[in-house]
Amino acid sequence: MLKYGHFIKLGIKSMLDLFLPIEKLKNVGARNLPRLNKLGIKTLKDLLRHFPVRYEDYSRVVPITDVQAREKVNIQGEVMKIVTKRLFPKRMSVTQALIQDESGAMNAVWFNQPYIANSLREGTFVSLAGKANLDKHGLYLSSPTYEKIDELDFGIKKTNLTHTGGLIPVYPETEGITSKYLRFLIKPILNDLAVSDPLPEQLVQKYELPSLQEALLKIHYPLNLDEANMAKERLAFDDLLMFQLKALLERRKMNQLKSVSVRFDQELIQNFVANLPFGLTKDQKIAAWEILKDLQKKYPMNRLLEGDVGSGKTVVALTGAIQVAKAGYQSVFMAPTEVLAQQHYTTISSLISSRIRVVLLTSSTEEKTKVKKAIADGEADIIIGTHAIIQKDVRFKNLAFVIIDEQHRFGVSQRAALAKNSGSDLVPHLLSMTATPIPRTLALTIYGDLDISIIKEKPKDRQKIITKVISPTKRKSAYQFIRDEVSSGRQIFVICPRIEMSDPKSEVRTGNRQSKMNLLWAEAKAVQEEYKKLSEDIFPDLKVGMLHGKMKPKEKNEIMAKFKDGNISILVSTSVVEVGVDIPNATIMMIENAERFGLAQLHQFRGRVGRGEYQSHCLLLSSTADTTINKRLKALTECDDGFELAEKDMLIRGPGEFFGVKQSGLPDLAMASLANVELIKKARLEAS
Numbered sequence: 069m070l071k072y073g074h075f076i077k078l079g080i081k082s083m084l085d086l087f088l089p090i091e092k093l094k095n096v097g098a099r100n101l102p103r104l105n106k107l108g109i110k111t112l113k114d115l116l117r118h119f120p121v122r123y124e125d126y127s128r129v130v131p132i133t134d135v136q137a138r139e140k141v142n143i144q145g146e147v148m149k150i151v152t153k154r155l156f157p158k159r160m161s162v163t164q165a166l167i168q169d170e171s172g173a174m175n176a177v178w179f180n181q182p183y184i185a186n187s188l189r190e191g192t193f194v195s196l197a198g199k200a201n202l203d204k205h206g207l208y209l210s211s212p213t214y215e216k217i218d219e220l221d222f223g224i225k226k227t228n229l230t231h232t233g234g235l236i237p238v239y240p241e242t243e244g245i246t247s248k249y250l251r252f253l254i255k256p257i258l259n260d261l262a263v264s265d266p267l268p269e270q271l272v273q274k275y276e277l278p279s280l281q282e283a284l285l286k287i288h289y290p291l292n293l294d295e296a297n298m299a300k301e302r303l304a305f306d307d308l309l310m311f312q313l314k315a316l317l318e319r320r321k322m323n324q325l326k327s328v329s330v331r332f333d334q335e336l337i338q339n340f341v342a343n344l345p346f347g348l349t350k351d352q353k354i355a356a357w358e359i360l361k362d363l364q365k366k367y368p369m370n371r372l373l374e375g376d377v378g379s380g381k382t383v384v385a386l387t388g389a390i391q392v393a394k395a396g397y398q399s400v401f402m403a404p405t406e407v408l409a410q411q412h413y414t415t416i417s418s419l420i421s422s423r424i425r426v427v428l429l430t431s432s433t434e435e436k437t438k439v440k441k442a443i444a445d446g447e448a449d450i451i452i453g454t455h456a457i458i459q460k461d462v463r464f465k466n467l468a469f470v471i472i473d474e475q476h477r478f479g480v481s482q483r484a485a486l487a488k489n490s491g492s493d494l495v496p497h498l499l500s501m502t503a504t505p506i507p508r509t510l511a512l513t514i515y516g517d518l519d520i521s522i523i524k525e526k527p528k529d530r531q532k533i534i535t536k537v538i539s540p541t542k543r544k545s546a547y548q549f550i551r552d553e554v555s556s557g558r559q560i561f562v563i564c565p566r567i568e569m570s571d572p573k574s575e576v577r578t579g580n581r582q583s584k585m586n587l588l589w590a591e592a593k594a595v596q597e598e599y600k601k602l603s604e605d606i607f608p609d610l611k612v613g614m615l616h617g618k619m620k621p622k623e624k625n626e627i628m629a630k631f632k633d634g635n636i637s638i639l640v641s642t643s644v645v646e647v648g649v650d651i652p653n654a655t656i657m658m659i660e661n662a663e664r665f666g667l668a669q670l671h672q673f674r675g676r677v678g679r680g681e682y683q684s685h686c687l688l689l690s691s692t693a694d695t696t697i698n699k700r701l702k703a704l705t706e707c708d709d710g711f712e713l714a715e716k717d718m719l720i721r722g723p724g725e726f727f728g729v730k731q732s733g734l735p736d737l738a739m740a741s742l743a744n745v746e747l748i749k750k751a752r753l754e755a756s
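Numbered per the working numbering, the sequence shown finishes at 756, counting up by one with no gaps.
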């Protein structure tokens, strides 16, 4: 509960809970309400949990004579003179104040804020914080933050300043909502704060955590960074604990549902593995066994299969689908794009016997009605396609197993919806697959409701891909190398740089369709420009094709078919288009502006080549000579272990960037703490 009164519009003193709507606060008007909502602030709790991204250190009051140019300082003194001038040609005003302390005097300057002259009259004692600049007239503070102080306090270190003394919080902002305004709202609440602690006292003592009330006070206004870090750890622990509890509850719900129990047929699986054109690795065998054991259970499988690029996840999933087909039930194999669905269809059809009936269903399938009828009548054992397979108009005879790309998370409610179309009251088993290698401890946090199988080994015949960072000065020689490879009959992937979103977090959070469309257009434009450059200027005599997210599925399929058949030598593509199609003849993966991607994503791109008998290369074209950036890229040249690179990537970019905001559902502070393995272990232990 919050003890609160003087901020309420009605002025009624009463005990308020943390779910008080933000508009009830005295200084939140109709204009600022939608702006605060945009930051996710709708209640008092949201406001208190709008944590600082950093702190400005104004803990030392600097005598005016000690102020240095370009340094951020806190000075305190008396306003000796203040004037506002209008600059008519520029239509602006300049307010200038002369501030004096015992050591000397200096100016403070504000632009287009004439009201300051009425607030800071001559003789006012003031605390100022800002950056010192130097011009021909001497040192001055440029647009400093200011607070009035009492003459009696002048010269005494003040600890209760909101904007200009101590460690000052800087918050995530949006247009019209500044950190100063947020401090103005938050500080008075903290002065009267009284919240109950949901964590049991013995848990707080066990891990030497501050109380919730202390953590909320210290994260906003710490005396030092140690206090801020202690507060962050406590609040992150709360979030991680809640996340783990939610995952365990999801798991419990799942275990109470009923599913088909598919008996393990040893002879069937041994024959299938023996007839494969390649041998399975030890990791593949273990993962397949874990899946087959899950299928025997009477409650639904809920497993994540994570493996490095090219580690052979598809064939592992297929062992389960074959077992299900033999038992007389159907399996669905969902791919993120039509291009990949088509590839899975071709690959799977070639690996299994003709007795198991495989169909492909995508938006561009020509005989949709016929395929849907085969699915409904039970004449299709394995159905391959995109997310469209699980729409309402697709009815199954007896669906028992769903294999799905990890970009589509499936919870209990989605599973229940799928069960309605599955042909029985039983809930299908679910296997999710991801090509993003995630360290196990972190995977247990993000995917706490899933069992996890990991494939680390690569197939034995897979060659190591030679990776090089290409600086701007070496670009010509890279183009010549590409030309030589094409002359030898090889093919090339060119990936265009990711287009940065202005605010990826808010765009993901709001699911802003227009923002996503704008992003697709921007990335399509980047591909078109690169395609034009390569096809007209660099390789006018070679066959260059392009692929991007604004193309129709049919166009994409045609382009990929041409590339696969060797009718296109160089394919220019965006990062958003799944280019995981198996092209054994492709030997070069060239990535423009490689520094814009994370290591894990670059590693995934690299895995698209090196799938045939020829030596393959990955060329990381950097647009900068910055040694720090290229040192990060150099990690790829030295390491081809996706799990090791994922750990480096997470340390470099932070867990939020690594996992993707949308994917995790974790609050920011918990997300930032994912590198803290010990904290994760504690939260998981206590949740269990």
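Glycine included, C-beta positions come from ideal geometry on N, C-alpha and C.
Reference residue 745; option with closest CA among 710, 304 and 403: 304
Return the chain-ordered list of same chain residues with a C-beta closer than 6 Å to the C-beta of residue 219, the five sequence neighbours on each side being excluded. 193
Using the DSSP secondary-structure output, state which residues sit across from residue 124 in a beta bridge. 236
Please report the straight-line C-alpha distance between residue 113 and residue 257, rounded to a whole angstrom. Rounded to the nearest angstrom, the two C-alpha atoms are 11 Å apart.
Residue 530 by DSSP, collapsed to three states: which one? Collapsing the DSSP output to three states places residue 530 in coil.
State the CB to CB distance for the pair residue 89 and residue 239, rounded to an integer number of angstroms; the pair is presumed to be in contact (CB under 8 Å). Between residue 89 and residue 239, the beta carbon gap of about 20 Å keeps them out of contact (Cβ cut-off 8 Å).
Taking the Cβ atom as the reference point for each residue, do residue 699 and residue 667 lie within a distance shorter than 9 Å? no
Quick one: what's got a C-beta closer than 6 Å to residue 101's C-beta in the same chain, skipping five residues either side? 91
Alpha carbon of residue 445 to alpha carbon of residue 329, nearest angstrom: 21 Å
What did DSSP end up calling residue 506 once you bin it into helix, strand or coil? coil
Would you mind listing the beta strand (DSSP E) stretches within the stretch 380-462 that are 3+ residues and don't spill past its ends, in chain order? 398-402, 426-429 and 450-453
Exposed or buried, what is residue 30 when buried is set at 16 or more other beta-carbons lying within 10 Å of its beta-carbon? Lying outside 69 to 756, the shown extent of the chain, residue 30 is not represented and no answer is given.
Say whether the stretch 160-172 touches the stretch 134-150, bearing in mind that this needs 3 or more beta-carbon pairs closer than 8 Å, one atom from each stretch. yes
Are residue 241 and residue 231 closer than 9 Å when you measure CB to CB? no
Taking the alpha-carbon of residue 621 as reference, which of 284, 429, 635 and 360 has the nearest alpha-carbon? Here the closest residue by C-alpha is 429.
Assign residue 230 to one of three DSSP states: helix, strand, or coil. coil
Nearest to residue 753 (by Cα), restricted to the options 516, 703, 340 and 547: Ranking the options by Cα distance to residue 753, first place goes to 516.
Excluding the five sequence neighbours on either side, which residues of its own chain have a C-beta within less than 6 Å of the C-beta of residue 661, listed in chain order? Result list for residue 661: 565 and 691, in chain order.
Is the Cβ-Cβ distance between residue 385 and residue 359 less than 9 Å? yes
Can you tell which of 316, 627 and 178 has its C-alpha closest to the C-alpha of residue 410? 627
Between residue 560 and residue 638, is the Cβ-Cβ spacing less than 9 Å? yes
Nearest by alpha-carbon distance to residue 398: which of 553, 502 and 448 is it? 448
Under DSSP, the alpha helix (DSSP H) around residue 671 begins and ends at which residues? 667-674
Can you tell me whether residue 133 is buried or exposed? The criterion is at least 16 other CB atoms within 10 Å of its CB, across all chains shown. exposed
Assigned secondary structure, residue 27 (DSSP; H/G/I helix, E/B strand, else coil): Missing from the structure shown is residue 27; the chain here goes from 69 to 756 and no further.
Counting beta carbon pairs with one atom in the stretch 258-265 and one in the stretch 279-288, are three or more of them shorter than 8 Å? yes
In the DSSP assignment, the beta strand (DSSP E) including residue 685 goes from what residue to what residue? 685-689
Could you tell me the distance, in whole angstroms, from the CA atom of residue 311 to the CA atom of residue 598? 43 Å
What do you reckon, are the CB atoms on residue 440 and residue 687 nearer than 9 Å? no
Between the alpha carbons of residue 562 and residue 643, how many angstroms are there, rounded? 10 Å
When you compare the CB positions of residue 284 and residue 266, do they come within less than 9 Å of one another, or not? no
Give the single residue among 187, 212, 137 and 719 whose Cα lies nearest to the Cα of residue 811. A query on residue 811 cannot be resolved here, the shown segment of the chain reaching from 69 to 756 and no further.
Taking the C-alpha atoms as reference points, what is the distance between residue 211 and residue 176? 7 Å
Can you list, in chain order, the stretches of the alpha helix (DSSP H) that have 4 or more residues and sit fully within the stretch 179-225? 184-187
Kindly indicate which three-state DSSP category residue 753 falls into: helix, strand or coil? helix
So, with DSSP's three-state summary, where would you put residue 619? coil
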